[in-house]
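Structure first, commentary second.
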Amino acid sequence: MSVTFQPDEAPVVGYRVADFAGGRAPELFDDRDDAVAAMCAAESAGRVLPGCTDPVGITSMGGYFIDAVTSDLDQAPSINVSNINAVSVLELLGFAHDGEVDLVGSCDAEQFEGRVLTALALAPADAGVPAYEAAGAGGATIVECGRRPGYHQDILGRLYAICAWARARQRRIVWS
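As structure tokens, this is what we get:
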């Protein structure tokens, strides 16, 4: 499981036909129903979309969907971290309440940026966590992959960049 930090979703400006192998139709539809009709036509005709990396698989098994296109045009920055790393980052940012961290939330970009800058200024350098393996009940093996030294500072720096991007567009920071 993981948590993604990103700016809140931008307004939808249209819909397009896409496939699960990277294909995207160039046509943009204002109405979702028109995009669905175009998707059905593409499927029945076996149309290969520009950028599709597996035309045989897509046309033989179907794999088309409607892609909502936002005003960001998929350019919004984001970072994805493991749940355990998200907990430690959110703790650094002061989002722990009564010892608990919610892995789903949102915050104004300005406030989030302030938390990031505070964490960068006050948090000690991240020494990392060594990886280990332990035997669990019933013969299960538990593997903890660890965390490299400096990880928190790297993530906080990347979060700062996301804040700047979101603030310039008057958007909140969300994570889930």
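All the letters of the sequence shown, read from the start, carry residue numbers 164 to 339 under this note's numbering. Backbone N, C-alpha and C define an ideal beta-carbon position, used for all residues, glycine too. If you're wondering where the values come from, they're calculated on a predicted model, not measured in any experiment.
Please classify residue i: is it buried, with 16 or more other beta-carbons within 10 angstroms of its beta-carbon, or exposed?
| i | result |
| --- | --- |
| Pro213 | exposed |
| His315 | buried |
| Asp197 | exposed |
| Ser251 | buried |
| Pro189 | exposed |
In angstroms with no decimal places, state the Cα-to-Cα distance between residue i and residue j.
| i | j | result |
| --- | --- | --- |
| Leu191 | Glu276 | 35 angstroms |
| Arg178 | Asp265 | Here residue 178 turns out to be Tyr, not Arg, going by the sequence shown. So the alpha carbons of these two residues sit roughly 33 angstroms apart. |
| Gly225 | Glu206 | 7 angstroms |
| Gln238 | Gly299 | 43 angstroms |
Which partner residues does residue i have in the DSSP bridge list?
| i | result |
| --- | --- |
| Phe228 | Ala181 |
| Ile305 | Ala297 |
| Val264 | Ala259 |
| Val211 | Note: Val211 sits in no beta bridge, so no partner. |
| Ser251 | Answer is none; Ser251 lacks a bridge partner. |
| Arg310 | Val292 |
What are the boundary residues of the alpha helix (DSSP H) that includes residue i?
| i | result |
| --- | --- |
| Gln238 | Looking at the DSSP string, Gln238 is not in any alpha helix (DSSP H), and its letter there is neither H nor E. |
| Ser339 | Counting along the chain, Ser339 falls outside any alpha helix (DSSP H), and DSSP gives it neither H nor E. |
| Val166 | Val166 -> not in any alpha helix (DSSP H); beta strand (DSSP E) instead, spanning Ser165 to Pro170. |
| Cys326 | Tyr314 to Ala331 |
| Arg195 | Arg195 to Ala208 |
Determine, using beta carbons only, whether residue i and residue j come nearer to each other than 8 angstroms.
| i | j | result |
| --- | --- | --- |
| Val279 | Leu236 | no |
| Ser339 | Val199 | no |
| Cys270 | Arg332 | no |
| Ala288 | Gly313 | yes |
| Ile318 | Ile242 | yes |
How would you write the range of the beta strand (DSSP E) that residue i sits in, first residue to last?
| i | result |
| --- | --- |
| Phe275 | Taken as a continuous stretch (DSSP letters only), Phe275 belongs to no beta strand (DSSP E), being part of the alpha helix (DSSP H) at Ala272 to Leu285. |
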